[in-house]
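Right, one structure below, let's go through it.
Numbering (our numbering), first residue to last: 4 to 84.
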């Protein structure tokens, strides 16, 4: 199990972009289908995370969408570890 978890849904262009960034960098992650986790969806909404993907990582605060700066920060942290 990876320390990075990406909550995704289909279809999701932003999710695909995040997957590609991590794949290109060789960063491992776990994908979870958002509809399969209704309790988490409600918690994400309550936290203001309103779009897929939602990325959880020990390296940055949980975020939603294709935030390329945070994706790059995660990649750099993984490479440095």
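Where is the CB? At the ideal position from N, CA and C, for every residue including glycine.
Based on the DSSP secondary-structure assignment, which residues constitute the bridge partners of residue i?
i, result
"residue 36", "11"
"residue 58", "9 and 66"
Keeping to the same chain, check which residues put their C-beta closer than 6 angstroms to that of residue i; ignore five residues upstream and five downstream.
i, result
"residue 6", "61"
"residue 59", "8 and 65"
"residue 32", "5, 7, 9 and 25"
"residue 15", "55"
"residue 67", "52, 54 and 57"
Here's a check: name, in chain order, each residue in its chain whose Cβ is nearer than 8 angstroms to the Cβ of residue i, leaving out the five neighbours to either side.
i, result
"residue 78", "24, 25, 28 and 30"
Is it right to say residue i is buried, meaning 16 or more other beta carbons lie within 10 angstroms of its own, or is it exposed?
i, result
"residue 57", "buried"
"residue 72", "exposed"
"residue 81", "buried"
Would you check if the distance between the CB atom of residue i and the CB atom of residue j is smaller than 8 angstroms?
i, j, result
"residue 18", "residue 46", "no"
"residue 63", "residue 43", "no"
"residue 8", "residue 35", "yes"
"residue 38", "residue 12", "yes"
"residue 20", "residue 69", "yes"
I'd like the list of long-range same chain contacts for residue i, defined as Cβ closer than 7 angstroms, with 5 residues on each side in sequence excluded.
i, result
"residue 51", "none"
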